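Numbering (my numbering), first residue to last: 14 to 238.
This is the structure:
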């Protein structure tokens with residue numbers, strides 16, 4: 014595919030093969046995402062808004078969650094919204110399982126990268142959506158919403174929790190994969206004050222009785238309406 018469609022801030026790209034059971038996905042990601050930290054435009058925007066180019070990294074939690082999403086027992090053709098899509102791996106896993114995916118992110122670079130990765134895998138049943146959690150657009154609710162490694166800043170916790178009833182259809186599921194960051198416990202405590210109690214699963218899909226810092230966990234919210 015034509016790499017001219019990829020974000021111009023990255024000069025060198027790397028292709029990685031991700032296996033999800035019998036499915037193999039080709040993922041194009043920055044060869045050295047740390048180099049983005051030296052980009053003059055990134056430095057300027059960081060000074061102005063604290064922006065960090067996290068979209069350029071393939072975080073370990075995404076690999077685990079991609080497998081769990083691909084194995085989910087969701088009806089084929091279900092609509093799935095991915096928040097903070099980055100390179101799009103989790104949304105690709107849903108597409109490969111027959112879902113209809115909306116990739117969302119507040120960065121155009123991420124939306125372009127996720128679109129590129131979907132198309133190079135001949136996965137076309139997707140749309141992109143510019144989406145800022147702090148000022149979310151009006152969208153029709155989804156049966157499934159997925160996000161990975163999004164709890165790294167406390168300022169995002171309240172907006173994310175506010176999105177759960179706003180984005181989900183009745184009976185829907187909101188999945189958040191987390192690598193066990195220290196702020197995870199703060200998020201869970203805040204969720205409890207909102208009467209949002211997630212089911213918790215480990216990296217192998219086994220139920221956990223309580224959150225465990227330092228280990229991947231999947232939080233599944235099923236709000237009671």
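Even glycine gets a Cβ: it sits at the ideal position worked out from N, Cα and C.
Since the model is a prediction, treat every value here as computed from it, not as a measurement.
For residue i, the three-state DSSP class (helix, strand or coil)
i: residue 163; result: coil
i: residue 228; result: coil
i: residue 96; result: strand
i: residue 223; result: coil
i: residue 70; result: coil
i: residue 147; result: coil
i: residue 210; result: coil
i: residue 158; result: strand
i: residue 173; result: helix
Residue span of the beta strand (DSSP E) that contains residue i, given as start and end
i: residue 114; result: 113-118
i: residue 186; result: 181-191
Closest Cα partner of residue i within the set the options
i: residue 119; options: 42, 137 and 150; result: 150
i: residue 161; options: 25, 208 and 79; result: 79
i: residue 165; options: 67, 18 and 42; result: 67
i: residue 159; options: 28, 231, 55 and 47; result: 231
i: residue 167; options: 177, 192 and 203; result: 203
Delimiting residues of the alpha helix (DSSP H) encompassing residue i
i: residue 199; result: 197-206
i: residue 110; result: Per DSSP, residue 110 belongs to no alpha helix (DSSP H) and is neither H nor E.
i: residue 122; result: 121-133
Chain C within 7 Å of residue i, Cβ atoms only
i: residue 153; result: Looking for chain C here will not work: only one protein chain is present.
Residue burial classification, residue i (beta-carbon count within 10 angstroms, cutoff 16)
i: residue 135; result: exposed
i: residue 223; result: exposed
i: residue 92; result: buried
i: residue 185; result: buried
i: residue 100; result: buried
i: residue 54; result: exposed
i: residue 36; result: exposed
i: residue 84; result: exposed
i: residue 170; result: buried
Residue i: CB within 6 Å of a non-hydrogen atom of the ligand NAP
i: residue 215; result: Of the ligands one can find in the structure shown there are none, so the ligand NAP has no counterpart to examine.
Checklist entry - Considering only residues of the stretch 14-66, which uninterrupted beta strand (DSSP E) runs meet the minimum length of 3 residues and lie entirely inside it, listed in chain order? => result Those beta strand (DSSP E) runs which fall completely within the stretch 14-66 and span 3+ residues are 26-33 and 36-43.
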